[in-house]
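Below is one structure, written out as structure tokens, with a few remarks after it.
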């Protein structure tokens, strides 16, 4: 009993209090030293402040204070200040202990417009499991298992058992897309072996694959690993790439040669010398640039883009006012798909189609733009991309013909809805009607022949249809002044073209010829000749009444005069073109060709006919005739080929005729049965989507000095019945990454922090960075949030900032931790810290008040002062 009493007095003694304080000071000092050395607050806290020994100090202080108060028994009046102070200390320590075990310190990540009623507890570890609900497939059964529970026992969840069999304190994780291990994986295609590429190493024959349909042109598939992605892609692009050089006007083929050889030395064709330069602007390095081929032909320059909507088109850079250059280039190559991986294990896909077009896309393991989840992740995840090229012909010629048809459709529709045409087009329409030609077709035939003549004015040989058109031009519908102006304009432009060929500037030519209105041309761009010609023509027509008769009147050189007249109004093929949307326009062009060919073979299988003649025959058909029904089927096929959403399954005669007249192709050459079959198969083919399963590759590593940066790894053995499965997971510190399917897609799993529900649902309305005036330097961050009280069913709006928090009546405190990114043009992410002290209002705060009261009474009453 004596020893017990002695121990009792020791528990309430000043000696124990001093020992506890010294121990607390030593542990705090040790924690400070450890944090300074390791630069890790988490490591020092784990070894000191969160250590059970340090936590037991609070219990030691509680016992010491409680016993020291009991030792005053029997209590007297002079003990009241002492007891109040000790009671306050006990309440404060009780609040601390309760908060330590039952309080919450968590985080909530929100995007603008998003809401959540859950927080995660940083640096906690748990396994999150989900099983799709049987009764309601959209309601999943979820549960979390703390890691320490898994370390000591096998855990059951529904019909599944789970046990941890391996653990590492830190790991690295990367996503695997197209290349996994030593092979490339494309869904539906045999795995392609990955080859370590070296310049001097012989490659095995490439894999072949038909992507669009069984009879489609096969593609070569090659999987390579190389540190030189762009250079390797360029080398493979040049392999077996043939350039065909032909005359623009007549189409005569002059040379077919390898581009790789042409890049090494100039090529001479008659009096023209060709120099080639390939600018391999890799789109995987910069999406704003594209690979181009620069061609120098004597003193003139041509640029051919190899990627994008305007690819393959031969662009005259040095003298665009002359239309095309005299030579045209086309490319031919075996279609090839390169799947490559660099040293960082990022993946790159390059596609080279049969016409030399290029498409490239990068898939960097940490920058995937999109991932497709199947059945909410229960069926796994895939990375996918649409196949960049269709199977139907998309050569330079196809693109140009498709664009001509688009312009023709607009002309036909404009002529049907608007009766007013510009004067040169009125002249053309009168001639087309007189020569029994369709207006849009005649106009575009003239503009195309003019562009192909490589001249400022029309100098091409006359085709029979153009000769009939020029013969019917009635210049007398123009006033005499307009004829004078047109004649003089034609003569002036002939002289100006000669001066432009000597590399003289347009404004200098006018000044040299003492043109009285040359001043406005000084402020214009001399590289853009067409606007200057239009301005010059406007000036010339304005003073037409003051001009004498020209040496040659327009009827004496109709073709040149017509081209000059069109130039005056800015009507050229290049000005009528619009930025090309390649695939839809070319698809519509081929679908129109098929439709017209089917109608022609139904109504006139032996003799070629034009669209107006076919329209008359359709109008004369009985409503229930077999021919009309076949034409209706052909029209429905056109709609399907053109991927139109609203199909007309019973089109009227008027609809059939209108479509035929508007969409009749300019080239009415009959298609062979083989061409029809191949084109129909290509147009009917569904969109090809390349897919590959998304997988993870984890690598163990030693623990980092700064524990906050560690990403632990664990391997779990999963069992359901007799089926077993192993899965390795890397820690997701925010619990926002993908849930991975396990056990044949019955469950989802993730290694994440512990999550806790809170009685409030927080919605982020707006997050913003506030800068110092006139700078981009931030001085504060703000976020507007809606706080829904789930218990009381109320809602309030608050603004959080770095120095402005919100506290609820239940003790929940919300802090704004950070905002990212800083740009206002993207969706903002805000991290909100949530703190909850359950004993704050009934222990901690009252305890502080009692301590203050007790100290005040001790000071005022001085109960232990010697009297």
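Numbering (our numbering), first residue to last: 361 to 1227.
Using N, Cα and C, we set each Cβ at its ideal position, and we do this for glycine too.
#### Entry: residue 1043 versus residue 814: straight-line alpha-carbon distance, rounded
In the chain shown, the residue the question calls residue 1043 occupies position 683. In the chain shown, the residue the question calls residue 814 occupies position 454. When only Cα atoms are considered, residue 1043 and residue 814 end up about 35 Å apart.
### Option in 562, 880, 929 and 796 with minimal Cα separation from residue 781
Taking the chain shown and counting its residues from 1, the one referred to as residue 781 is at position 421. Here the closest residue by C-alpha is 929.
### Burial state of residue 487 (16 or more Cβ within 10 Å)
Mapped onto the chain shown, residue 487 falls at position 127. With 16 or more other Cβ atoms within 10 Å, it is buried.
### Message
Three Cβ pairs or more, each shorter than 8 Å: is that satisfied between the segment 1067–1077 and the segment 531–541?
### Response
Counting Cβ pairs under 8 Å, three or more are found: they touch.
### Message
residue 1117 and residue 1144 - do their beta-carbons sit closer together than 7 Å?
### Response
For the purposes of this step, residue 1144 is taken as residue 784 along the chain shown, with counting starting at 1. For the purposes of this step, residue 1117 is taken as residue 757 along the chain shown, with counting starting at 1. No, they are not a contact pair.
### Task
For residue 584, I'd like the list of residues in its chain whose CB is within less than 6 Å of its CB, leaving aside the five on either flank, ordered along the chain.
In the chain shown, the residue the question calls residue 584 occupies position 224. Within its own chain, the residues whose Cβ lies closer than 6 Å to the Cβ of residue 584, once the five positions on either side in sequence are excluded, are 555, 557 and 700, listed in chain order.
### Query
If you drop the 5 nearest sequence neighbours on each side, which residues of the same chain put their C-beta closer than 6 Å to that of residue 635?
Along the chain shown, one-based indexing puts residue 635 at 275. A distance below 6 Å between beta-carbons, with the five flanking residues on each side excluded, links residue 635 to the following residues of its chain, in chain order: 626 and 656.
### Message
What does the Cβ neighbour count give for residue 743, buried or exposed, with the cut at 16 atoms within 10 Å?
### Response
To locate residue 743, count along the chain shown from 1; it is residue 383. Buried, by the Cβ-count rule.
#### Entry: Same chain, Cβ closer than 8 Å to residue 995, neighbours up to 5 away in sequence not counted
Position 635 of the chain shown, counted from the start, is the residue given in the question as residue 995. 955, 1008, 1011, 1015, 1016 and 1019, listed in sequence order.
### Message
Can you tell me whether residue 916 is helix, strand or coil according to DSSP?
### Response
As a working mapping, residue 916 is identified with position 556 in the chain shown. Of the three classes helix, strand and coil, the one that applies to residue 916 here is helix, per DSSP.
### Message
For residue 765 and residue 718, which I take to be in contact (beta-carbon distance under 8 Å), what is that distance rounded to the nearest angstrom?
### Response
As a first step, residue 765 is located in the chain shown; it is residue number 405 there, counting from the start. As a first step, residue 718 is located in the chain shown; it is residue number 358 there, counting from the start. 26 Å between Cβ atoms; not a contact.
### Query
Leaving out the 5 sequence neighbours to the left and right, which residues in its chain are closer than 6 Å to residue 522 when beta-carbon positions are compared?
Start at 1 with the first residue of the chain shown, and residue 522 comes out as number 162. Closer than 6 Å at Cβ, skipping near neighbours: 515, 1076 and 1078.
### Message
DSSP three-state label for residue 1157, please.
### Response
Residue 1157 sits at position 797 when you count from the first residue of the chain shown. Of the three classes helix, strand and coil, the one that applies to residue 1157 here is strand, per DSSP.
### Query
So, is residue 517 buried or exposed, given that buried needs 16 or more other C-beta atoms within 10 angstroms?
In the chain shown, counting from the first residue as 1, residue 517 sits at position 157. When all chains shown are included, residue 517 counts as buried.
### Query
For residue 1128, which residues does DSSP report across the bridge?
Taking the first residue of the chain shown as 1, we reach residue 1128 at position 768. In the DSSP secondary-structure assignment, residue 1128 is bridged to 1142.
### Message
Which residue wins for smallest C-alpha separation from residue 808, given the options 798, 795 and 761?
### Response
Numbered from its first residue, the chain shown carries residue 808 at position 448. If you compare the alpha carbons of 798, 795 and 761 with that of residue 808, the shortest gap goes to 761.
### Message
Tell me whether the segment 1101–1117 and the segment 1127–1134 touch, counting them as touching only if at least three CB pairs, one residue from each stretch, are closer than 8 Å.
### Response
Inter-segment contact for the segment 1101–1117 and the segment 1127–1134 is absent: fewer than three beta-carbon pairs are separated by less than 8 Å.
### Query
Looking only at its own chain, which residues have a Cβ that is under 7 Å from the Cβ of residue 990, when we skip the five neighbours before and after it?
As a working note, residue 990 is residue 630 in the chain shown. A distance below 7 Å between beta-carbons, with the five flanking residues on each side excluded, links residue 990 to the following residues of its chain, in chain order: 962.
### Message
So, at 7 Å on beta carbons, what are the nonlocal neighbours of residue 849 in its own chain, with the 5 sequence-adjacent residues on each side left out?
### Response
Here residue 849 refers to the residue found at position 489 when the chain shown is read from its first residue. Correct list, in chain order: 897, 900, 924 and 928.
### Query
Are the beta-carbon atoms of residue 482 and residue 1221 separated by less than 7 Å?
Looking up residue 482 in the chain shown gives position 122. Looking up residue 1221 in the chain shown gives position 861. Not a contact, by the Cβ cut-off of 7 Å.
### Query
What is the DSSP secondary structure of residue 361, reduced to helix, strand or coil?
Here the question's residue 361 lines up with position 1 in the chain shown. Residue 361 carries a coil assignment under DSSP once its states are collapsed to helix, strand and coil.
### Query
In terms of alpha-carbon separation, which member of 537, 376, 547 and 586 lies closest to residue 726?
For the purposes of this step, residue 726 is taken as residue 366 along the chain shown, with counting starting at 1. The residue from 537, 376, 547 and 586 with its alpha-carbon nearest to that of residue 726 is 537.
### Query
Residues bridged to residue 1100 by DSSP?
Position 740 of the chain shown, counted from the first residue, corresponds to residue 1100. Note: residue 1100 sits in a beta bridge opposite 1109.
#### Entry: Length of the line joining the Cα atoms of residue 448 and residue 1066
Position 88 of the chain shown, counting from 1, holds the residue named residue 448. Position 706 of the chain shown, counting from 1, holds the residue named residue 1066. Each residue's alpha carbon lies about 39 Å from the other.
### Query
In three-state DSSP terms, what is residue 571?
As a first step, residue 571 must be located in the chain shown, where it is residue number 211. Residue 571: coil per DSSP, three-state reduction.
### Beta-bridge partners of residue 516, as assigned by DSSP
Looking up residue 516 in the chain shown gives position 156. Answer is 521, bridged to residue 516.
### Message
With H, G and I counted as helix, E and B as strand and the rest as coil, what does DSSP make of residue 382?
### Response
As a first step, residue 382 is located in the chain shown; it is residue number 22 there, counting from the start. Residue state, collapsed to three classes: helix.
### Task
Would you kindly report the start and end of the unbroken alpha helix (DSSP H) that includes residue 646?
Numbered from its first residue, the chain shown carries residue 646 at position 286. That residue, residue 646, is in no alpha helix (DSSP H); it is neither H nor E in DSSP.
### Query
In chain order, which alpha helix (DSSP H) runs of at least 4 residues are fully inside the segment 646–710?
With a minimum length of 4 residues, no continuous alpha helix (DSSP H) run stays inside the segment 646–710.
#### Entry: Reduced DSSP category for residue 1162 - H, G, I as helix; E, B as strand; rest coil
The residue you call residue 1162 lines up with position 802 of the chain shown. Reduced to three states, the DSSP call for residue 1162 is coil.
### Alpha carbon of residue 831 to alpha carbon of residue 905, nearest angstrom
Your numbering for residue 831 matches position 471 in the chain shown. Your numbering for residue 905 matches position 545 in the chain shown. Whole-angstrom Cα-Cα distance: 27 Å.
### Message
Suppose contacts are defined by Cβ-Cβ distances below 7 Å. Is residue 408 in contact with residue 387 by that definition?
### Response
If you number the chain shown from 1, residue 408 lands on position 48. If you number the chain shown from 1, residue 387 lands on position 27. In contact: residue 408 and residue 387 (Cβ atoms closer than 7 Å).
### Message
By the DSSP assignment, the beta strand (DSSP E) with residue 534 in it spans what residues?
### Response
Mapped onto the chain shown, residue 534 falls at position 174. 530–536 is the extent of the beta strand (DSSP E) around residue 534.
#### Entry: Contiguous alpha helix (DSSP H) assignments of at least 4 residues, all confined to the segment 864–897
Listed in chain order, the complete alpha helix (DSSP H) runs (minimum 4 residues) inside the segment 864–897 are 866–872.
### Message
Taking its Cβ as the centre, do 16 or more other Cβ atoms sit within 10 Å of residue 946, making it buried, or is it exposed?
### Response
For the purposes of this step, residue 946 is identified with residue 586 of the chain shown, where counting begins at 1. By the Cβ neighbour-count rule, residue 946 is buried, with 16 or more other Cβ atoms within 10 Å of its own.
### Task
Report all residues from its chain with a CB closer than 6 Å to the CB of residue 1189; omit the five preceding and five following residues, and keep chain order.
Taking the chain shown and counting its residues from 1, the one referred to as residue 1189 is at position 829. Same-chain partners within the cutoff: 471 and 1180.
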